[in-house]
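Here the structure comes first, spelled out in structure tokens, and everything after it is commentary.
Residue numbers (the working numbering): 1 to 205.
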């Protein structure tokens, strides 16, 4: 399967890409750079930044993105964004737009995750280690061996308002009943939750 990144590399190698517009939406600032092909080499042509507009009263990151792309356009005398069309994809005959537009988001709060497993010294440790390299805060852990009642575990899950519940542990033909018990606890919490329910990721052992 050819990914978007592979296609960009291929197009660049064939000389089909002459301009790249890149933006990063951070928690405070939205930044953008324009890279253009000049005399056979890619060079940084312009950069700009504007305040990120993810928070109230605007609560729309596209507003800040539009501002920073407009500023880039002003610096080089080209248009990369209009309120009616948004980001102009593909460089046009009149020089407006860019061949490639890429954007990343480094702002916003980390995703909140709660880990559910069988044993604290194996399952939960493995789950926490797996999540350590991601932009995730572990806000709670529930395990079969902690002697809490089902009601207490459900209340813990509901009180943390996780975006993601990661279920870890269990092996083929292993401890099925304990795992079923934990899954029933998760299901009960989902049934009682208000608003948008958390996503469930079963990671296994």
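Idealized CB from N, CA, C, for every residue including glycine.
Assign residue i to buried or exposed, taking buried as 16 or more other Cβ atoms, counted over all protein chains shown, within 10 Å of its Cβ.
i, result
"residue 102", "exposed"
"residue 198", "buried"
"residue 260", "In this structure the chain extends from 1 to 205, so residue 260 is not present and cannot be described."
"residue 2", "Note that residue 2 scores a pLDDT of 46, beneath 50, so its modelled location is shaky; the value from the coordinates is reported in the next line. Answer is exposed; the Cβ neighbour count stays below 16."
"residue 4", "Note that residue 4 has pLDDT 49, beneath the 50 cutoff, so the model's placement of it is unreliable and the number below is only indicative. Its Cβ having fewer than 16 others within 10 Å, residue 4 is exposed."
"residue 52", "buried"
"residue 123", "buried"
"residue 75", "exposed"
"residue 186", "buried"
"residue 16", "exposed"
"residue 144", "buried"
"residue 139", "buried"
"residue 57", "exposed"
"residue 116", "buried"
"residue 129", "exposed"
Restricting to Cα atoms, I'd like to know which of the options is closest to residue i.
i, options, result
"residue 26", "37, 19, 47 and 64", "64"
"residue 46", "165, 125, 127 and 32", "32"
"residue 69", "18, 58 and 81", "81"
"residue 165", "183, 84 and 44", "183"
"residue 156", "110, 193, 135 and 16", "193"
"residue 112", "204, 146 and 132", "132"
"residue 67", "59, 83 and 77", "83"
"residue 28", "39, 88 and 59", "59"
"residue 204", "121, 126, 77 and 87", "126"
Do residue j and residue i come within 8 Å of each other at the CB atom, strictly closer than that value?
i, j, result
"residue 114", "residue 160", "yes"
"residue 142", "residue 153", "yes"
"residue 106", "residue 24", "yes"
"residue 19", "residue 36", "yes"
"residue 34", "residue 72", "yes"
"residue 206", "residue 175", "Residue 206 is absent from the model: the chain starts at 1 and stops at 205."
"residue 110", "residue 146", "no"
What whole-angstrom Cβ distance do residue i and residue j have, given they're in contact under 8 Å?
i, j, result
"residue 108", "residue 54", "7 Å"
"residue 98", "residue 21", "4 Å"
Worksheet item: At which residue ranges does the stretch 117-159 contain complete beta strand (DSSP E) runs of 3 or more residues, listed in the order of the chain?
Response: 136-143
Discussion item. To test your reading of the DSSP string, which unbroken beta strand (DSSP E) runs of 3 or more residues are found completely within the stretch 41-91?
Written reply: 41-51
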